Amino acid sequence: MTEDWLSLQQKYWEQWTDLSRKALGAQAPATNPWETAMDQWWKAFAPATPDLSRTFMERMMEQGKMFFRMADTFTHNLPQFGGSATDGWSSLTKTLNDMQQSFMGGQEQGDQALHKMMAFWELPYDNWQRMMSSLSPIPGDLLRNMPHAPASTVDKVLSAPGLGYTREEQSQYQDLIRRSLDYQKALQEYMSFFSGMGMKSIQRMRATLERMQASDKVIDSARGLYDTWVGCCEEVYAEEVQSTEYARIHGHLVNAQMALKQRMSIMVDESLGAMNMPTRNELRTLQDRVQQVRRENKALRKELHGLQLQVAALGGQEPAATSPGLRPALAQSAPAPVKRTVVRKKPVTSTSADQ
Amino acid sequence: MMLPIDIRPDKLSEEMLDFSRKLGQGMENLLNAEKIDTGVTPREVVYREDKLTLFRYQAPEGVKRNPVPLLVVYALVNRPYMTDIQEDRSTIKGLLATGQDVYLIDWGYPDHADRALTIDDYLNGYLDNCIDFIRESHGLDAINILGICQGGAFSLCYTAMNPEKVKNLVTMVTPVDFQTPDNLLSAWVQHMDVDLAVDTMGNIPGEILNWTFLSLKPFSLTGQKYVNMVDVLDDPDKIKNFLRMEKWIFDSPDQAGETFRQFIKDFYQKNALINGGLVIGDQEVSLTNIGCPLLNIYALQDHLVPPDASRALAGRTGSKDYTELAFPGGHIGIYVSGKAQKEVTPAIGKWLNERS
Chain Z
1 MTEDWLSLQQ
11 KYWEQWTDLS
21 RKALGAQAPA
31 TNPWETAMDQ
41 WWKAFAPATP
51 DLSRTFMERM
61 MEQGKMFFRM
71 ADTFTHNLPQ
81 FGGSATDGWS
91 SLTKTLNDMQ
101 QSFMGGQEQG
111 DQALHKMMAF
121 WELPYDNWQR
131 MMSSLSPIPG
141 DLLRNMPHAP
151 ASTVDKVLSA
161 PGLGYTREEQ
171 SQYQDLIRRS
181 LDYQKALQEY
191 MSFFSGMGMK
201 SIQRMRATLE
211 RMQASDKVID
221 SARGLYDTWV
231 GCCEEVYAEE
241 VQSTEYARIH
251 GHLVNAQMAL
261 KQRMSIMVDE
271 SLGAMNMPTR
281 NELRTLQDRV
291 QQVRRENKAL
301 RKELHGLQLQ
311 VAALGGQEPA
321 ATSPGLRPAL
331 AQSAPAPVKR
341 TVVRKKPVTS
351 TSADQ
Chain C
1001 MMLPIDIRPD
1011 KLSEEMLDFS
1021 RKLGQGMENL
1031 LNAEKIDTGV
1041 TPREVVYRED
1051 KLTLFRYQAP
1061 EGVKRNPVPL
1071 LVVYALVNRP
1081 YMTDIQEDRS
1091 TIKGLLATGQ
1101 DVYLIDWGYP
1111 DHADRALTID
1121 DYLNGYLDNC
1131 IDFIRESHGL
1141 DAINILGICQ
1151 GGAFSLCYTA
1161 MNPEKVKNLV
1171 TMVTPVDFQT
1181 PDNLLSAWVQ
1191 HMDVDLAVDT
1201 MGNIPGEILN
1211 WTFLSLKPFS
1221 LTGQKYVNMV
1231 DVLDDPDKIK
1241 NFLRMEKWIF
1251 DSPDQAGETF
1261 RQFIKDFYQK
1271 NALINGGLVI
1281 GDQEVSLTNI
1291 GCPLLNIYAL
1301 QDHLVPPDAS
1311 RALAGRTGSK
1321 DYTELAFPGG
1331 HIGIYVSGKA
1341 QKEVTPAIGK
1351 WLNERS
């Protein structure tokens, strides 16, 4: 299977190279057989792969596709043979402009390769989504694409007082909706901040390429291009996430998610209580009480052990080797204690004077 | 003037083919990868309490042993096998080679029954019990401590509360000033409602911590590193080392809720370790109570604990014997890089041997 796949790659790229040479700047085929073949090969292998290795391979493949896609995007408009540098810059500028359009949503239906490449900037969001999905029965991206209703309309509905026998329940559901909307708002604010960072990273990429041109430096591999792009993204990210604005957005996202989860937990607890089942709240009360008793018990055992040592010392007996308050796992073979007088010497390595 | 991008089609196809070949070979190597071990140096369990395990490492033959044992106190975040991750990259092994009698605390994986554990329970309970156990086993009043990262901050607090039980203290990549301007983690948690998080979740899941750490450098840590790895896929040993590290990164225990609450509020949000007002149990913690010799090691490219966060220890304790060691590397490189094996552990061993 591996050999088939490699041989398919070989054939495809030989043909493609040949075609490129002949066609002087011809574009790559619309569907990339390299990606397709890779996916098929992986589908065959994945079930037999251990979990950790599978995740690891999938990530490598995703990123591999990413950087070849990127090379393709940046190079397919370039005049490979005989074109002028001005034409080349126009192509690069067009590519960078398209990338910006993609961030602004203008490429939704357009260049799929470019659109997929931009997904790279979704890595931080993807991490959030995976993390939230692992903590909740609700998918992490549930509210991502839902339209955010105008606050005034929703507020009116949610502020209507509950009436009758079920007023408390009504009020809880209103609160649940309110918290869901706040989380959705926080999530959209977070993603919008990342889109802004994506735009800035393209500007950084443009500046980097200009600097490189001024100093006659050239990126001559897909990997080099990918690393430059990652460098630009990481630089912009590092600057932006240090801002007070980001700290606020980040805090709002976490707090809004916790607030939503808290309301859901309370409602689950009430359902459990109604079924005469132990609730999370009751368990926590028990946990607190047990911990307090254990704390006191341990302190008493330790105090008792100290007293036993004192009594043994008064009676001239050898104290027990280990504390009965403690639980040695195995018989000890500790070395006999050797007490030494400590002579303080100058530090071995010092980058600051003794304080 | 040349264009800054000049990727020739033939070179691109060659690069793609090479990538495919490496992935293909890597697949075979991955399938053959054995189970990932955690910790390589022989050791024995000497003490257990609840989920905590205290290990003592087997000393190599022919090395003169330091009579004062050394207890390694690792963070509650992540797992302590980072200090003994592989045969040729082991802080523990390096310390043993310098004659240290090494003990290490494995805090275990807290579950919901441990939610109410406080920092007081960890320090004046578990840690104190381990230290008493070692002191009694060796018949000593005080032992040496090596605190790592959060474990370093805890070791400082413990020493401040129990100065008579600590002979020498080494702190590694330890935050002391939790609000230096370059501390991203700190900036992010300032707006976090930690009470709401702990009240809601009980314990704080390891997944949240993973997400936070990966968010520090998301493109390098969740994208680029996998591309870099393709280059070494043909080497089974390197794959295994990578997988071992990968396991460690994602092997994040949940954090006991009450401990997390106090840690974030007092250390990160109030910066109480240096601003004052930190109370653990019924004791106020003051760094000036620390009088023992101190070796403070930090990493110059540390993105989790910036150097200034660690350097803030200088002048804040009562120690007359304070030494700093700056390591040119990152938060993880300080344990696992080849340079660390040559520079950091021998320096710790020498410093301790001169004072024991």
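Just so you know, the sequences run in chain order Z and C. Residue numbers for the first sequence follow this note's numbering, beginning at 1 and rising by one. Residue numbers for the second sequence follow this note's numbering, beginning at 1001 and rising by one. Yeah, the Cβ is synthetic: ideal placement off N, Cα and C, and Gly gets one too. None of the values given here were measured: they were computed from a predicted structure.
Short of 6 Å from the beta carbon of Leu272/Z, and not among the five residues preceding or following it, lie these beta carbons of its own chain, in chain order: Thr279.
Not flagged as an interface residue toward chain Z: Thr1083/C, since no C-beta distance is shorter than 8 Å.
CA-to-CA, the gap between Pro1328/C and Arg1135/C works out to about 35 Å. Nearest CB-CB separation between Phe67/Z and chain C: below the 8 Å threshold.
Secondary structure within the stretch 1140-1221 of chain C: the alpha helix (DSSP H) runs of 4 or more consecutive residues, fully enclosed, are 1150-1161, 1184-1189, 1194-1201 and 1206-1214 (chain order).
The closest CA to that of Arg284/Z, considering only Val1198/C, Asp1018/C, Leu1076/C and Gln1100/C, is found on Val1198/C. Against chain C, the CB of Glu234/Z has a partner CB under 8 Å away; the residue lies at that interface. For Val1176/C against Ile1274/C, the beta-carbon gap comes to about 6 Å, under 8 Å, which counts as contact.
Proximity of Lys1217/C to chain Z, defined by a Cβ-Cβ separation below 8 Å, is satisfied. In the three-state reduction of the DSSP assignment, Ile1007/C falls in the coil class.
A distance of 8 Å or more separates the beta carbons of Ala1272/C and Ala247/Z. Assigned with DSSP and collapsed to three states, Ile1036/C falls in coil, not helix or strand.
Below the 7 Å Cβ cutoff, chain C contributes Met1192, Asp1193 and Leu1196 as neighbours of Asn255/Z, in chain order. A contact is defined here as three or more CB-CB pairs under 8 Å, and the stretch 1213-1231 of chain C meets this definition with respect to the stretch 226-233 of chain Z. DSSP, read as helix, strand or coil, puts Ser1356/C in coil. Within the same chain, Gly1329 come within 7 Å of Ser1337/C by CB-CB distance, once the 5 residues on both sides are set aside. At a cut-off of 8 Å between beta carbons, Val1232/C makes no contact with chain Z. Here the alpha carbons of Gly198/Z and Met99/Z stand approximately 9 Å from one another. For Asp216/Z, no beta strand (DSSP E) run applies, since DSSP gives it neither H nor E. Rounded to the nearest whole angstrom, the C-alpha separation of Met1172/C and Thr1118/C is 23 Å. In the DSSP assignment, Leu307/Z falls within the alpha helix (DSSP H) that extends over Arg280 to Leu314. In the DSSP assignment, Ser1090/C forms a beta bridge with Asp1084/C. About 7 Å separates the beta carbon of Leu1095/C from that of Ile1348/C, a gap short enough to meet the 8 Å contact definition. Residue range Pro1236 to Phe1250 is occupied by the alpha helix (DSSP H) that includes Glu1246/C. The beta carbon of Asp1177/C does not come within 8 Å of any beta carbon belonging to chain Z, so the residue lies off that interface.
Thr1180/C sits close to Pro1306/C, with the two beta carbons spaced by under 8 Å. It is roughly 55 Å from the alpha-carbon of Val241/Z to the alpha-carbon of Leu307/Z.
Under the three-state reduction of DSSP, Ala1309/C is assigned to helix.
As DSSP reads the structure, Ala1299/C sits in a beta bridge with Phe1327/C.
Check the Cα spacing between Ile1092/C and each of Lys1247/C, Gln1301/C, Thr1041/C and Asp1195/C: the tightest is with Thr1041/C.
Ranked by Cα distance from Leu96/Z, the options Met132/Z, Leu209/Z and Glu296/Z are led by Leu209/Z. Distance from the Cα of Pro1060/C is smallest, within the candidate group Leu1076/C, Thr1098/C and Glu1044/C, for Thr1098/C. A Cβ-Cβ distance of about 51 Å is found for the pair Ala1033/C and Lys1320/C, leaving them out of contact under the 8 Å criterion. Residues of chain Z whose Cβ lies closer than 7 Å to the Cβ of Phe1267/C do not exist; the shortest such Cβ separation is about 17 Å. Taking every protein chain shown into account, the CB of Asn276/Z has fewer than 16 other CB atoms within 10 angstroms, so this residue is exposed. Assignment of Leu1070/C by DSSP, reduced to helix, strand and coil, places it in the strand class.
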